[in-house]
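Peer 1: Chains as they are written, first to last, in this note's numbering: chain F, 1 to 193; chain Z, 194 to 386.
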DNA sequence: ATTTTATTAGAATATATATTCTAATAAAGC
DNA sequence: GCTTTATTAGAATATATATTCTAATAAAAT
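#1: Taking the beta carbon of residue 224 of chain Z as the centre, do at least 16 other beta carbons fall within 10 Å, making it buried, or is it exposed?
#2: Would you call residue 257 of chain Z buried or exposed, if buried means 16 or more other Cβ atoms sit within 10 Å of its Cβ?
#3: For residue 336 of chain Z, name the three-state secondary structure that DSSP assigns.
#4: Check whether the Cβ atoms of residue 158 of chain F and residue 354 of chain Z lie closer than 7 Å to each other.
#5: Report the three-state DSSP secondary structure of residue 7 of chain F (helix, strand or coil).
#6: Taking just the CA atoms, how far does residue 377 of chain Z sit from residue 285 of chain Z?
#7: Ignoring anything shorter than 4 residues, give me the alpha helix (DSSP H) runs that lie fully in the segment 83-114 of chain F, in order along the chain.
#8: Flag residue 193 of chain F as yes if its beta-carbon sits less than 7 Å from any beta-carbon of chain Z, otherwise no.
#9: Report yes or no: do three or more beta-carbon pairs, one from the segment 301-311 of chain Z and one from the segment 239-249 of chain Z, lie closer than 8 Å?
#10: Excluding the five sequence neighbours on either side, which residues of its own chain have a C-beta within less than 7 Å of the C-beta of residue 386 of chain Z, listed in chain order?
#11: Could you check the C-alpha separation between residue 129 of chain F and residue 329 of chain Z for me, to the nearest Å?
#12: Where does residue 365 of chain Z fall in DSSP's three states?
#13: For the segment 156-171 of chain F, which residues have a beta carbon sitting closer than 7 Å to at least one beta carbon of chain Z?
#14: Grab the span of the alpha helix (DSSP H) containing residue 245 of chain Z for me, first residue to last.
#15: For residue 380 of chain Z, would you say it is in contact with chain F, using Cβ-to-Cβ distances shorter than 7 Å as the test?
#16: So which of Z:367, Z:363, Z:343 has the shortest CA-CA distance to residue 254 of chain F?
#17: What residue from Z:262, Z:295, Z:288 has the CA that sits closest to residue 276 of chain Z's CA?
#18: Given a threshold of 16 other Cβ atoms within 10 Å of its Cβ, counted over all protein chains shown, does residue 204 of chain Z qualify as buried or as exposed?
#19: Taking its Cβ as the centre, do 16 or more other Cβ atoms sit within 10 Å of residue 147 of chain F, making it buried, or is it exposed?
#20: With 9 Å as the limit, tell me which residues of the segment 297-317 of chain Z have their beta carbon closer than that to any beta carbon of chain F; keep them in chain order.
#21: How about residue 293 of chain Z and residue 360 of chain Z: do their beta carbons lie closer than 7 Å?
#22: Would residue 34 of chain F and residue 41 of chain F qualify as a contact pair, given that the criterion is a beta-carbon distance under 7 Å?
#23: Which residues of chain F have a Cβ atom closer than 7 Å to the Cβ of residue 376 of chain Z, listed in chain order?
#24: Let's test the definition: count the other Cβ atoms within 10 Å of the Cβ of residue 194 of chain Z and tell me whether it reaches 16, buried, or not, exposed.
#25: Taking residue 57 of chain F as the reference, give the member of F:120, F:80, F:38, F:6 with the closest Cα.
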């Protein structure tokens with residue numbers, strides 16, 4: 001019952017994502033989002049409690065998109081493949097990659113998150129920690145901080161470093177970044193044994 | 194002639210740097226800067242044309258501090274020492290490091306820079322490019338893009354990656370990040386020859 | 001057909017903060 | 001001592017944008 005909707009929540013998230021990726025988080029005003037969709041600002045607030053909530057939703061969607069395939073690969077026990085997931089995902093999703101890797105989460109959506117969003121964010125962090133832990137245990141038979149730190153460096157930090165320069169330039173990372181990541185991975189993870 | 198000054202330009206830059214490093218760029222309001230110094234807002238504007246100009250000055254000071262020692266080391270021809278400059282500088286200057294590595298330049302001070310500041314920024318970029326170029330030529334006898342990209346990855350991008358995690362946690366990077374950087378450096382730069 | 005209500009519609013409001021403006025001060029030079 | 005002017009002082013203004021509010025709509029349920 002009630003009037004049928006012209007605009008969906010998803011449209012507003014799409015619009016916010018597009019604006020944020022193209023022009024940065026500061027350009028994501030409610031008026032801009034509404035304008036992009038062709039809706040009145042009231043309709044944005046009808047779907048979302050606040051700008052912050054909308055942007056939190058954007059961030060959660062993007063990081064989930066990244067993390068899903070990443071965790072799957074890592075859970076298969078293939079650390080190198082997981083490391084190479086970053087450049088692959090960045091090439092496949094250039095707009096999302098800009099958003100996720102160029103800006104801090106706090107620049108997109110600040111501290112005041114609703115409880116359900118906070119919980120989703122916590123789960124994302126937890127899932128990542130957990131996957132890394134499992135991977136390390138599977139690798140070396142036991143868990144220690146030193147091995148975990150090496151793995152995080154080789155599988156997360158280095159791929160990020162290899163890719164961020166090209167994101168800043170607005171280009172897709174060339175094939176050679178995969179080589180850098182591979183070489184670094186085998187050097188760093190070799191010390192493991 | 195004229196009344197003698199109670200407050201110096203430097204005090205305002207110091208205050209802005211402190212607030213930005215501690216609470217992020219958004220917390221650097223003119224009122225906050227003035228309050229930190231104990232001055233009226235008018236005195237801030239007496240020294241600086243705008244908030245943006247003040248923050249540009251902050252950014253230039255911090256990046257110059259980083260880059261001076263970095264370039265000196267690289268000009269000596271020691272790439273590994275240059276790569277290790279990043280963790281060392283971060284340990285010595287935690288507040289400056291937060292500011293420089295945690296936030297994008299555009300988040301601190303947006304596009305509308307005065308000509309003299311723009312020129313200073315351009316010089317910083319140019320000096321870095323130039324030093325990398327010289328280093329590559331000295332290494333391999335000639336210059337090619339591939340060698341330059343490898344050097345940038347090993348000397349700039351990887352040290353950044355190794356250190357940023359600890360900056361986010363508000364901790365000093367432990368000694369082992371130096372090991373990661375060393376190992377990566379020798380792997381990546383070995384392919385050079 | 002009437003009622004109900006989710007939704008559209010966009011004008012009005014609230015708020016934060018950069019910037020401007022006017023006046024008062026105080027040191028230096030004469 | 002008087003004049004000049006760089007500087008302090010902080011109140012007033014401008015602006016951008018998030019948020020709220022009131023009214024109009026339209027589809028579904030009865």
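Just so you know, even glycine gets a beta-carbon here, dropped at the ideal spot from N, CA and C.
Peer 2: Put simply:
#1: Residue 224 of chain Z sits exposed, since fewer than 16 C-beta atoms from the chains shown fall within 10 Å of its C-beta.
#2: With fewer than 16 other Cβ atoms within 10 Å, it is exposed.
#3: Of the three classes helix, strand and coil, the one that applies to residue 336 of chain Z here is coil, per DSSP.
#4: Inclusion of residue 158 of chain F and residue 354 of chain Z in the CB contact set at 7 Å is warranted, their separation being smaller than that value.
#5: In this structure, residue 7 of chain F counts as coil in the three-state DSSP scheme.
#6: CA-to-CA, the gap between residue 285 of chain Z and residue 377 of chain Z works out to about 23 Å.
#7: Whole alpha helix (DSSP H) segments, 4+ residues: 94-102, 105-108.
#8: In this prediction, residue 193 of chain F has a pLDDT of 42, which is less than 50 and means its spatial position is unreliable; nothing more can be read from the coordinates.
#9: Result yes; three or more Cβ-Cβ pairs closer than 8 Å.
#10: With a pLDDT of 41 at residue 386 of chain Z, under the threshold of 50, the modelled position of that residue is not reliable, and the figure given next carries that caveat. Cβ contact annotation for residue 386 of chain Z (same chain, cutoff 7 Å, sequence separation greater than five): none.
#11: If you draw a straight line from the Cα of residue 129 of chain F to the Cα of residue 329 of chain Z, it comes to about 39 Å.
#12: Residue 365 of chain Z: coil per DSSP, three-state reduction.
#13: Within the segment 156-171 of chain F, the residues whose Cβ lies closer than 7 Å to some Cβ of chain Z are 157, 158, 160, 161, 162, 165, listed in chain order.
#14: Start and end: 244-268.
#15: It does; some Cβ of chain F falls within 7 Å.
#16: Residue 254 of chain F is absent from the model: chain F starts at 1 and stops at 193.
#17: Among Z:262, Z:295, Z:288, the Cα nearest to that of residue 276 of chain Z is on Z:262.
#18: Buried, because 16 or more other Cβ atoms sit within 10 Å of the Cβ of residue 204 of chain Z.
#19: Under this definition residue 147 of chain F is a buried residue.
#20: Within the segment 297-317 of chain Z, the residues whose Cβ lies closer than 9 Å to some Cβ of chain F are 297, 299, 300, 303, listed in chain order.
#21: No, the Cβ-Cβ distance between residue 293 of chain Z and residue 360 of chain Z is not below 7 Å.
#22: Yes, the pair counts as a contact, with Cβ atoms nearer than the cut-off.
#23: Within chain F, the residues near residue 376 of chain Z are 187, 188.
#24: Classification for residue 194 of chain Z: exposed.
#25: For the set F:120, F:80, F:38, F:6, the Cα lying nearest the Cα of residue 57 of chain F is the one of F:120.
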